[in-house]
Amino acid sequence: MKERETFAENLLSWFDVNKREMPWRETKDPYKIWLSEVMLQQTQVNTVRSYYLKFIERFPTIETLAEADEDEVLKYWEGLGYYSRVRNFQSAVREVAETYGSVPDDGEQFLALKGVGPYTRGAVMSIAFNQPYPAVDGNVFRVFSRLDDDATDTAKPSARKHFENKVMQVIPERAGDFNEALMELGATVCTPRNPICMLCPVNMHCEAFEAGTVLERPVKIKKMTRKELRYKVMLIINDKGELLITQRPKTGLLGGMWQFPMFDEDMPMEDIEAVLDMKLMDKKEKFHTVTHGFTHLDWILDVYIARTTDQPGHDFQFIAENEKENYTFPVSMSKIFSHYQQVK
DNA sequence: GAAGCGTGGAC
DNA sequence: TGTCCAAGCTT
Numbered sequence: 001m002k003e004r005e006t007f008a009e010n011l012l013s014w015f016d017v018n019k020r021e022m023p024w025r026e027t028k029d030p031y032k033i034w035l036s037e038v039m040l041q042q043t044q045v046n047t048v049r050s051y052y053l054k055f056i057e058r059f060p061t062i063e064t065l066a067e068a069d070e071d072e073v074l075k076y077w078e079g080l081g082y083y084s085r086v087r088n089f090q091s092a093v094r095e096v097a098e099t100y101g102s103v104p105d106d107g108e109q110f111l112a113l114k115g116v117g118p119y120t121r122g123a124v125m126s127i128a129f130n131q132p133y134p135a136v137d138g139n140v141f142r143v144f145s146r147l148d149d150d151a152t153d154t155a156k157p158s159a160r161k162h163f164e165n166k167v168m169q170v171i172p173e174r175a176g177d178f179n180e181a182l183m184e185l186g187a188t189v190c191t192p193r194n195p196i197c198m199l200c201p202v203n204m205h206c207e208a209f210e211a212g213t214v215l216e217r218p219v220k221i222k223k224m225t226r227k228e229l230r231y232k233v234m235l236i237i238n239d240k241g242e243l244l245i246t247q248r249p250k251t252g253l254l255g256g257m258w259q260f261p262m263f264d265e266d267m268p269m270e271d272i273e274a275v276l277d278m279k280l281m282d283k284k285e286k287f288h289t290v291t292h293g294f295t296h297l298d299w300i301l302d303v304y305i306a307r308t309t310d311q312p313g314h315d316f317q318f319i320a321e322n323e324k325e326n327y328t329f330p331v332s333m334s335k336i337f338s339h340y341q342q343v344k
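Using full-length UniProt numbering, the first residue of the first sequence is number 1, and each one after it goes up by one.
In structure tokens form, the structure reads like this:
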């Protein structure tokens, strides 16, 4: 970085004028700052806004969230993704309520809470308590790799520490504003594909700008091979027109969410009937196929419709179509549900 | 260190 | 269409 002494000052002057309105910037309530940081993990600001407002309206304090039913809390996260975030967050908030009474301003205590990693600790400690912690996210990787024309592979876990050290060399007294300013710069000016270097408030500090290597930074060496998994999904309808659903395990992929019964692609219908302990009728017709991509795998869901007059076994239940809103479904299942309602 | 964990938007 | 990216953490 060139002319390091004036970097923070220039960045903060820009931030004071250009920072965008965000609901969580209207408060310094550590609980609300914390919630926003959890929602913003791997998720864009525009997506988070409406979720944040609804969540805060229903769970405005640590106490209200600590006392809430877990399935209701999950419902407020429906569609936001990475659902373990909300389970960890409520668990951590309960821990805070019981052990501390309020969000601890001790970085070590805060880091020990579920779902709190180095980034979230840095963001909450600096923004809510103005403590000099780094908050290194994807934006900071990009901004600092350009400022220093640094070719460190940001896909490696060790890169985080590397960039935290860089931040600590220039962090000013206004630590929280500085961390937010770095991220704001990365999100609006120092963007991945079309950075607006001519309007950048710190381009005079930028080695990559000088060298013409801006688009080559950051270096990120990542191989992404996505598995393809095919399943049978059963839309099972009883004589009242209700649909059979079941809840996924609390942990792992889509933990705690509801779905239509789902089986390995090559499981015979006889075996499916045995698992459900149901006799199925009209079960031969494949009625729809849905594909759904995750970060690390692709689902191909062959949807079959069947009818039954039997009662649901343990772990299964029938719901009417207008009761779907009372359960939390992943997008893939909502796709199937929407299609069923359109064509039935 | 590597892999698992969602979804929507940009290009 | 595919690919990457987005205020990461856990195991």
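Cβ atoms here follow ideal geometry from the backbone N, Cα and C, with glycine treated the same way.
Write down the C-beta distance between T308 and W258 rounded to the nearest angstrom, noting that I regard them as a contact closer than 8 Å. Contact doesn't hold; Cβ gap of about 19 Å is too wide.
So M234 is in the beta strand (DSSP E); what residue range does that whole segment cover? Here the beta strand (DSSP E) through M234 covers K227 to I237.
Extent of the continuous alpha helix (DSSP H) to which H339 belongs: First-last of the alpha helix (DSSP H) with H339: V331 to V343.
How far does the alpha helix (DSSP H) with K166 in it reach, from first residue to last? Bounds of the alpha helix (DSSP H) holding K166 are S158 to M168.
Report the three-state DSSP secondary structure of I305 (helix, strand or coil). I305: strand per DSSP, three-state reduction.
Ordered along the chain, which non-local residues of its own chain (more than five positions away) have a Cβ less than 6 Å from that of A159? Within the same chain, A159 has close Cβ partners T152.
Note down, in chain order, each residue of its chain lying with its Cβ closer than 6 Å to the Cβ of D105, except the 5 sequence neighbours on either side. Only residues of its own chain outside the window of five on either side were considered, and among them F129 have a CB closer than 6 Å to the CB of D105, listed in chain order.
With distances taken between CB atoms, is the gap from A97 to A123 smaller than 7 Å? Contact flag unset, no.
Is the separation between the beta-carbon of A181 and that of F15 shorter than 7 Å? Yes, the pair counts as a contact, with Cβ atoms nearer than the cut-off.
Contact belief for G79 with V331 at Cβ below 8 Å, rounded distance in angstroms: V331 and G79 do touch by the CB rule: their CB atoms are close to 6 Å apart, below 8 Å.
Answer with buried or exposed for D271, where buried requires no fewer than 16 other C-beta atoms within 10 angstroms of its C-beta. Per the 10 Å Cβ criterion, exposed.
Identify the continuous alpha helix (DSSP H) that holds D16 and give its terminal residues. First-last of the alpha helix (DSSP H) with D16: F7 to N18.
Could you please give the first and the last residue of the uninterrupted beta strand (DSSP E) stretch that includes K286? Per DSSP, the unbroken beta strand (DSSP E) holding K286 starts and ends at K286 to G293.
So D71 is in the alpha helix (DSSP H); what residue range does that whole segment cover? Boundaries of the alpha helix (DSSP H) harbouring D71: E70 to K75, taken from the DSSP string.
Might you give, ordered along the chain, the residues of its own chain that have their beta carbon closer than 6 Å to the beta carbon of I221, omitting 5 neighbours on each side? Only residues of its own chain outside the window of five on either side were considered, and among them D153 and A155 have a CB closer than 6 Å to the CB of I221, listed in chain order.
Go through its chain and collect everything with a Cβ distance to T188's Cβ below 6 Å, but skip five positions before and after it. Cβ-Cβ distances below 6 Å link T188 to nothing in the same chain once the five nearest sequence neighbours on each side are left out.
Grouping DSSP H, G and I as helix and E and B as strand, with all else coil, what is M1? Coil at M1, not helix or strand.
Cross-strand partners of W258 (DSSP beta bridge): Beta-bridge partners of W258 (DSSP): Q247.
Note down, in chain order, each residue of its chain lying with its Cβ closer than 7 Å to the Cβ of T213, except the 5 sequence neighbours on either side. Correct list, in chain order: D149.
How far does the alpha helix (DSSP H) with F55 in it reach, from first residue to last? In the DSSP assignment, F55 falls within the unbroken alpha helix (DSSP H) covering V45 to R58.
Neighbourhood of residue 363 by C-beta, 7 Å cutoff - its chain only, sequence neighbours within 5 removed: It is not possible to answer for residue 363, since the shown part of the chain is limited to 1 through 344.
Does the distance between the C-beta of Q342 and the nearest non-hydrogen atom of the ligand PLP fall short of 6 Å? Looking at this structure, you won't find the ligand PLP or any other ligand, since it has none at all.
Less than 7 Å between the C-beta atoms of H292 and H339, yes or no? Not in contact: H292 and H339 (Cβ atoms no closer than 7 Å).
Buried or exposed for P157, please, with buried defined as at least 16 other CB atoms from any protein chain shown within 10 angstroms of its CB. Around the Cβ of P157, a 10 Å sphere holds fewer than 16 other Cβ atoms; the residue is exposed.
Using DSSP with H/G/I as helix, E/B as strand and the rest coil, what is L40? In the three-state reduction of the DSSP assignment, L40 falls in the coil class.
I need the DSSP call for M281, collapsed to helix, strand or coil. M281 falls in the strand class under three-state DSSP.
Is the separation between the beta-carbon of G313 and that of D277 shorter than 7 Å? A contact, by the Cβ cut-off of 7 Å.
Where the alpha helix (DSSP H) through Q90 begins and ends: Counting along the chain, the alpha helix (DSSP H) containing Q90 begins and ends at S84 to T99.
Opening and closing residue of the beta strand (DSSP E) in which Q109 lies: Careful: Q109 lies outside any beta strand (DSSP E), inside the alpha helix (DSSP H) at G107 to L111.
Taking 6 Å as the limit between beta carbons, can you name the residues of its chain near T61, skipping five residues before and five after? The answer is none, since no qualifying residue turns up.
In the DSSP assignment, what are the bridge partners of D153? Partner(s): V219.
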